[in-house]
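The sequence shown begins at 1 in the UniProt record's numbering and counts up one residue at a time.
Working notes, beginning with the structure itself.
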Amino acid sequence: MNKIVGCGLASGLIAGLATFAYTRWQIAPLVDQAVGFEEARSHAEQTLTGEHAHEHEVFTRVVQENVGAGTGIVAYGLIVGALFAVAFWMLTTFLARHRIAADPRWVSMTLAAAGFVAVTLVPFMVFPANPPGVGHEDSAGARTAGYLAALVASVLLAAVATVVAARLIPRIGRWSSVMLAGWGYVLAVCLITAALPRFDEVPTPLVDTSGAVVFPGFPAALLADFRADSLTAAALMWVVLGTAFSMLLHRTSDRKVAYADR
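Right, dumping it as structure tokens:
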């Protein structure tokens, strides 16, 4: 178990560094554009209403996008790596108990793909990432609660689907059981996420009392690019995590799942 957790932490560190590099290169410029829009819109609103507020950043953008983002992403990678290792150990133990032979590298990559879908993709489809300037402070609590509900439901349903698939393999075969459990997961996720609230908080054009537009709405292309790159960064983390974990584990263990870790 210690060996598996060590591989998970090392893989999480590698995945976190790779994700930070992509974020710094691809997403940071989009955040700068979004911050510029937010500041310009705030200035336009103050001019329109006659109110003036002065806010000063505690940390500069350079510190935020380098030290802050780097520390946060790498720390997240380490946490995900540790949890990934625990999930891998639980899954391989479960497979061993059901006499299902599997190459640990295959298990690692499959678990990474399932993690991306259950932990990242499903909550993202309901509550996509927003850049600065999008979203209201008043609804932050409700959005966070909805996101966590989607995340927990997705992970629990994925675990149930895994158990169902394993129990059905002796009866209907591996392929049929995986397909049946997979479609059951998709249907259950759709039903649950359909009941969650939706938030449309993209800033619209700012108009004066005469109806004239004094400031444009949030650029659609910027929002689309930010969300696409955010999802890509998350996918990169899972791909690197699964690949690094399988390679590190392969170097320290046999090709087949070891039963001694049970």
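Think of the CB as a built atom: it goes at the ideal place given N, C-alpha and C, for glycine as much as any other residue.
Straight-line Cα distance separating T47 from W183: Here the question's residue 183 lines up with position 183 in the sequence shown. Here the question's residue 47 lines up with position 47 in the sequence shown. Their Cα atoms are separated by approximately 54 Å.
Contact between the stretch 10-24 and the stretch 200-215 is defined here as three or more beta-carbon pairs at a separation below 8 Å; is this criterion met? no
Nearest to L9 by alpha carbon, out of A44, G135, L30, L78? Counting from 1 along the sequence shown, the entry for residue 9 is found at position 9. The shortest CA-to-CA distance from L9 to any of A44, G135, L30, L78 is the one to L78.
If you drop the 5 nearest sequence neighbours on each side, which residues of the same chain put their C-beta closer than 7 Å to that of Y76? For this step, residue 76 is matched to residue 76 along the sequence shown. G16, listed in sequence order.
Helix, strand or coil for L9? Go by DSSP, reduced to three states. Indexing the sequence shown from 1 puts residue 9 at position 9. Helix.
Beta-carbon spacing of L241, A129 below 9 Å: In the sequence shown, the residue the question calls residue 241 occupies position 241. In the sequence shown, the residue the question calls residue 129 occupies position 129. Cβ distance not < 9 Å, so L241 and A129 don't count as in contact.
Since I believe L206 is in contact with A102 (beta carbons under 8 Å), could you give me their beta-carbon distance rounded to a whole number of angstroms? Taking the sequence shown and counting its residues from 1, the one referred to as residue 102 is at position 102. Taking the sequence shown and counting its residues from 1, the one referred to as residue 206 is at position 206. That belief does not hold up - the Cβ atoms of A102 and L206 are roughly 57 Å apart, past 8 Å.
Taking 9 Å as the cut-off, decide whether the C-beta atoms of R105 and S11 are in contact. Mapped onto the sequence shown, residue 105 falls at position 105. Mapped onto the sequence shown, residue 11 falls at position 11. Contact: no.
If we call anything under 9 Å between Cβ atoms a contact, is Y185 one with A166? Walking along the sequence shown from the start, residue 185 turns up at place 185. Walking along the sequence shown from the start, residue 166 turns up at place 166. Cβ atoms of Y185 and A166: not closer than 9 Å.
Report all residues from its chain with a CB closer than 7 Å to the CB of S177; omit the five preceding and five following residues, and keep chain order. Within the sequence shown, the letter at position 177 stands for residue 177. A165, L168, I169.
Taking DSSP as the reference, what is the three-state secondary structure of L206? Locating residue 206 in the sequence shown gives position 206, counting from the first residue. The answer is strand: DSSP assigns L206 an E or B state.
Going straight from the alpha carbon of S154 to that of V86, what length do you get? For the purposes of this step, residue 154 is taken as residue 154 along the sequence shown, with counting starting at 1. For the purposes of this step, residue 86 is taken as residue 86 along the sequence shown, with counting starting at 1. Distance between the alpha carbons of S154 and V86: 18 Å.
Check whether P131 and A194 have beta carbons under 9 Å apart: In the sequence shown, residue 131 corresponds to position 131, counting from 1. In the sequence shown, residue 194 corresponds to position 194, counting from 1. Going by C-beta atoms, P131 is not nearer than 9 Å to A194.
Ordered along the chain, which non-local residues of its own chain (more than five positions away) have a Cβ less than 7 Å from that of A142? Translated into the one-based positions of the sequence shown, residue 142 becomes position 142. Closer than 7 Å at the Cβ level, and outside the excluded window around A142, lie P197.
Using the C-alpha atoms, what's the distance from D208 back to G36? Mapped onto the sequence shown, residue 36 falls at position 36. Mapped onto the sequence shown, residue 208 falls at position 208. Answer to the nearest angstrom: the Cα atoms are 21 Å apart.
Using alpha carbons as the reference points, say which of V163, H250, V117, E38 lies closest to H136. Your numbering for residue 136 matches position 136 in the sequence shown. Looking at the Cα atoms, E38 is the closest of the given residues.
With a Cβ-Cβ cutoff of 9 Å, do W238 and F127 count as a contact? As a first step, residue 238 must be located in the sequence shown, where it is residue number 238. As a first step, residue 127 must be located in the sequence shown, where it is residue number 127. Not a contact, by the Cβ cut-off of 9 Å.
CB contact flag (L157, V107, <9 Å): Along the sequence shown, read from residue 1 onward, the residue named residue 157 stands at position 157. Along the sequence shown, read from residue 1 onward, the residue named residue 107 stands at position 107. In this structure, V107 does not lie closer than 9 Å to L157 by Cβ.
Compute the Euclidean distance between the alpha carbons of H250 and M90, then round it to the nearest angstrom. Taking the first residue of the sequence shown as position 1, residue 250 is located at position 250. Taking the first residue of the sequence shown as position 1, residue 90 is located at position 90. Taken atom to atom, the span from the alpha-carbon of H250 to that of M90 is near 18 Å.
Among T110, C7, M1, N2, which residue has its Cα nearest to the Cα of L244? Within the sequence shown, the letter at position 244 stands for residue 244. Note that residue 244 is Ala in the sequence shown, not Leu. When only C-alpha atoms are compared, the closest one is C7.
Go through its chain and collect everything with a Cβ distance to L236's Cβ below 7 Å, but skip five positions before and after it. Looking up residue 236 in the sequence shown gives position 236. Only A18, T19, Y22 meet the Cβ criterion.
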